[in-house]
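Asks: Reminder that position 121 of the sequence shown reads as 734 in the working numbering, one-by-one numbering, no gaps. Heads up, the beta-carbon is just placed ideally off N, CA and C, and yes, glycines get one too. I'd like to ask you about the structure that follows.
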Amino acid sequence: MADENKVKDVLLGVVVGDALGVPVEFIPRKGLQNEPVTGMRAYGTHRQPAGTWSDDSSLTFCLAEMLCNGYDLQALAERFVDWKEAAYWTAHGEVFDIGIATSAAIYSLQKGVPPLQAGGDDEHSNGNGSLMRILPLLFYIKDRPVEERYRIIGEVSSLTHRHVRSVNACFIYLEMARQLLLGKDKWEAYRNMARDVNTFLHAHPVRSQREIDIFHRILENPIGDYVIRPLYDFEEEEMYSTGYVLHTLEASLWCLLHTDNYADAVLKAVNLGHDTDTTGAVTGGLAGILYGRESIPEAWLQVLARRTDIEQLADRLYHKMYS
Ligand SMILES: [Mg+2]
């Protein structure tokens with residue numbers, strides 16, 4: 614019987630989704646149709662053993678480590694540098710996957726650029742690189758007012774991604790996670806998230822209607838005469854799974870809404886193809902909270918690299934956040 618440690622649900626949810634996607638990263642959806650992923654595979658894209666996780670999880674664990682010692686962006690920056698330079702929090706002592714924006718931002722951090730200015734802030738720097746690593750922040754912000762939640766999310770995203778679109782994507786993701794953590798079922802969580810995010814973004818001093826409209830599939834906002842369809846109603850062919858932050862967020866919520874257990878949610882995400890590990894990780898984090906880690910197939914956990922280290926990290930963060 615699992616304890617109530619929701620931090621463990623989050624960390625294992627993310628890392629298992631990531632590891633399922635690693636062997637098939639970059640493979641297009643059509644390429645997976647004849648041989649869909651059904652469990653942990655070895656080798657493939659990055660030639661790694663089964664259960665190997667990637668940058669998504671490494672940077673997620675860096676954030677969890679930072680939070681264990683108290684919120685400190687400079688400390689987070691140092692952990693990111695340690696990861697890139699010294700393979701800190703890697704599965705097997707090797708960095709085999711790094712995003713372009715993340716790589717450039719960590720290089721800036723190494724050169725002494727302040728954390729809040731390190732990430733790219735132009736419209737084309739909106740890959741999913743901050744979304745994929747942000748979920749442990751949930752435990753630090755969950756009881757704070759929404760203005761503070763948004764500000765802190767913006768800070769943590771900005772180390773690698775500081776454009777408002779990346780920040781808003783992280784905000785939507787964490788608001789959904791927060792509703793699930795409160796114990797709402799996925800439909801109520803989704804409705805509450807969309808309501809709260811809409812209310813906040815429309816009242817926010819730096820609101821940009823265009824940047825709100827971009828999330829119309831998720832927030833279900835009317836735009837002119839455009840007929841609004843709920844995200845749930847979109848067909849798989851209409852869902853993208855590239856490395857663009859909007860695509861990853863939409864696909865992850867869509868996978869969660871279209872399945873009713875952890876394994877189906879992450880397998881649906883991975884089998885969308887393309888950025889499989891990140892779509893798997895982002896979906897897996899939400900599914901971990903919703904269904905609990907006891908719903909993760911034990912066979913997958915058994916081959917997971919550094920499972921004990923991850924569980925101990927979750928214990929440390931849980932005690933820091935809940936005592
Ligand atoms: Mg990755």
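1. Does DSSP classify residue 901 as helix, strand or coil?
2. What does DSSP give as the partner residues of residue 656 in its beta bridges?
3. My output table needs one value for residue 733: the three-state DSSP class, helix, strand or coil.
4. With DSSP as the reference, label residue 932 as helix, strand or coil.
5. Could you check if residue 858 belongs to the surroundings of ligand 1, using beta carbon to heavy atom distance under 8 angstroms?
6. Quick one: does the C-beta of residue 855 sit closer than 8 angstroms to a heavy atom of ligand 1?
7. Would you grab the beta carbon distance between residue 941 and residue 718 for me? Rounded to a whole angstrom, and I think it's under 8 angstroms.
8. Using a Cβ-based criterion (distance less than 8 angstroms to any ligand heavy atom), does residue 635 qualify as near ligand 1?
9. For ligand 1, any of its heavy atoms closer than 8 angstroms to the Cβ of residue 679?
10. Cβ atoms of residue 895 and residue 637: under 9 angstroms apart, would you say?
11. From 791, 625, 666 and 620, pick the residue whose C-alpha is nearest to that of residue 875; which is it?
12. Which whole runs of the alpha helix (DSSP H) in the stretch 794-823 are 4 residues long or more, in chain order?
13. What residue does the alpha helix (DSSP H) around residue 860 start on, and which one ends it?
14. If you measure between the beta carbons of residue 859 and residue 677, is that distance less than 9 angstroms?
15. Under 9 angstroms, Cβ to Cβ, is there at least one residue of chain B near residue 640?
16. State the DSSP-derived secondary structure class of residue 712, mapped to helix, strand or coil.
17. Between which two residues does the alpha helix (DSSP H) containing residue 724 stretch?
18. With 16 other CB atoms within 10 Å as the buried threshold, where does residue 851 fall?
19. Alpha carbon to alpha carbon, how far is residue 691 from residue 827?
20. CA-CA distance, residue 813 and residue 759?
21. Ignore the nearest five residues each way along the sequence and tell me which others in residue 668's own chain have a CB closer than 6 angstroms to its CB.
22. DSSP three-state call for residue 614: helix, strand or coil?
23. Nearest by alpha-carbon distance to residue 652: which of 919, 920, 884 and 922 is it?
24. Mind checking which residues open and close the alpha helix (DSSP H) that includes residue 770?
25. Excluding the 5 residues flanking residue 770 on each side, which residues of the same chain have their C-beta closer than 6 angstroms to its C-beta?
26. Does DSSP put residue 630 in a helix, a strand or coil?
27. On the criterion of 16 or more Cβ atoms from any shown chain inside 10 Å, does residue 795 qualify as buried, or is it exposed?
28. Taking the alpha carbon of residue 695 as the reference point, which residue from 684, 679 and 801 has its own alpha carbon closest?
29. Reducing DSSP to helix, strand and coil, say where residue 893 ends up.
30. Would you decide whether residue 619 is buried or exposed? Buried here means 16 or more other CB atoms lie within 10 Å of its CB.
31. Is DSSP giving residue 706 helix, strand or coil here?
32. Quick one: give me the first and last residue of the alpha helix (DSSP H) that residue 679 is part of.
33. Run through DSSP, which three-state label would residue 740 get?
34. CA-CA distance, residue 824 and residue 915?
35. I want to know whether the stretch 898-913 touches the stretch 860-873 - three or more CB-CB distances under 8 angstroms.
Replies: Per the coordinate set shown:
1. Of the three classes helix, strand and coil, the one that applies to residue 901 here is helix, per DSSP.
2. Looking at the DSSP assignment, residue 656 forms a beta bridge with 661.
3. Strand at residue 733.
4. Look at residue 932 here: in three-state DSSP terms it is helix.
5. Here the distance from the Cβ of residue 858 to the nearest heavy atom of ligand 1 is not below 8 angstroms.
6. No, the Cβ of residue 855 stays beyond 8 angstroms of every heavy atom of ligand 1.
7. Outside the displayed range of the chain (614 to 936) lies residue 941, so it cannot be described from this structure.
8. Yes, ligand 1 has a heavy atom inside 8 angstroms of this Cβ.
9. Within 8 angstroms of the C-beta of residue 679 there is not a single heavy atom belonging to ligand 1.
10. It is not a contact, given that the beta carbons lie outside the stated cut-off.
11. Selected option, being the one with the closest Cα: 625.
12. Correct list: 799-816.
13. Note, residue 860: alpha helix (DSSP H), 858-870.
14. The Cβ atoms of residue 859 and residue 677 lie no closer than 9 angstroms to each other.
15. Although the question refers to chain B, the structure presented lacks it and comprises just one protein chain.
16. Residue state, collapsed to three classes: coil.
17. No alpha helix (DSSP H) holds residue 724; DSSP gives it neither H nor E.
18. Looking at its Cβ environment, which holds fewer than 16 other Cβ atoms inside 10 Å, residue 851 is exposed.
19. Residue 691 and residue 827: Cα-Cα distance of roughly 33 angstroms.
20. For residue 813 and residue 759, the distance between alpha carbons rounds to 8 angstroms.
21. Here the set comprises 710 and 711.
22. Note that residue 614 scores 42 on pLDDT, short of 50, meaning its location in the model is unreliable and no value can be drawn from it.
23. The shortest C-alpha separation from residue 652 is found at 884.
24. Residue range 759-771 is occupied by the alpha helix (DSSP H) that includes residue 770.
25. Within the same chain, residue 770 has close Cβ partners 743, 779, 780 and 783.
26. Note: residue 630 maps to helix in three-state DSSP.
27. Classification of residue 795: exposed, given that the 10 Å Cβ count is below 16.
28. Ranking 684, 679 and 801 by Cα distance to residue 695 puts 679 first.
29. In the structure shown, residue 893 sits in a helix (DSSP, three-state: H, G or I).
30. Residue environment for residue 619: buried (at least 16 other C-beta atoms within 10 angstroms of its C-beta).
31. Residue state, collapsed to three classes: coil.
32. Membership of residue 679 in the alpha helix (DSSP H) is indicated by the continuous run 668-681.
33. Three-state DSSP puts residue 740 in a strand.
34. When rounded, the distance between both Cα atoms is 42 angstroms.
35. Judged by Cβ distances under 8 angstroms, the stretch 898-913 makes contact with the stretch 860-873, as three or more pairs qualify.
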